[in-house]
Amino acid sequence: METRYDSLVETASGMKTHIDDLEAQLAIAQEKVKDLMSERDVLLHDHAVAYDELQNNLETAENAVNGLKSEKANLALLLSTTEVKANELESQLETWSALKDRLNAENEDMRGRLCLTEEEKSELETQVEITQSELQSLKASIVKLEQTVVETEEQTV
-16 METRYDSLVE TASGMKTHID DLEAQLAIAQ EKVKDLMSER DVLLHDHAVA YDELQNNLET
44 AENAVNGLKS EKANLALLLS TTEVKANELE SQLETWSALK DRLNAENEDM RGRLCLTEEE
104 KSELETQVEI TQSELQSLKA SIVKLEQTVV ETEEQTV
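Position 153 (the sequence shown) corresponds to 136 in the numbering used here; numbering is contiguous.
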């Protein structure tokens, strides 16, 4: 019986050692789990911060795109208005040019009876030159606006 008792004591001692080893392994595993949970919490926090930053960047980009779209629409309206004004001035220039030609013809035909004074002739020529200058300036403005619209479209894309 003593042998059996010694055998049981030895088995119990081995089991105790095995239990102690398992408890030590459990403590190490629990520490690792704790470390992993801490790392997970840090990663979750970093992810949340990065997500918020990306969300803010997205909103900023959307606002910028909407601003560019609005600016594009305003530029298109301005271009349209400028083109209308340029057409009006061109028409007015043609009218004044035709008037100038007619007056020159009348001047030639009626030199003796109906003559324009040199001052009136100079005044009409000055008006035509001013209108031509305004037309050239508006044409240059249209070209600049068209370039700005193209650049705005490229930025929007």
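For each residue, glycine too, the CB sits at the ideal point set by N, CA and C.
Look at T65 here: in three-state DSSP terms it is helix.
Contact annotation: V111 and S80 have beta-carbon atoms nearer than 8 Å. Here the stretch 120 to 137 makes contact with the stretch 50 to 59; the two share three or more CB pairs at distances below 8 Å. If you check the CB distance, V132 and K68 do not come in under 8 Å.
The shortest CA-to-CA distance from N87 to any of E71, L72 and E108 is the one to E108. Secondary structure note for T131: its alpha helix (DSSP H) is the uninterrupted segment E101 to T139. In this structure, DSSP gives M(-2) a helical state, which the three-state scheme calls helix.
N90 and K104 have their C-alpha atoms some 10 Å from each other. In the three-state reduction of the DSSP assignment, M20 falls in the helix class, which pools H, G and I. Contact check for L72 against E117 passes: the beta carbons are separated by less than 8 Å.
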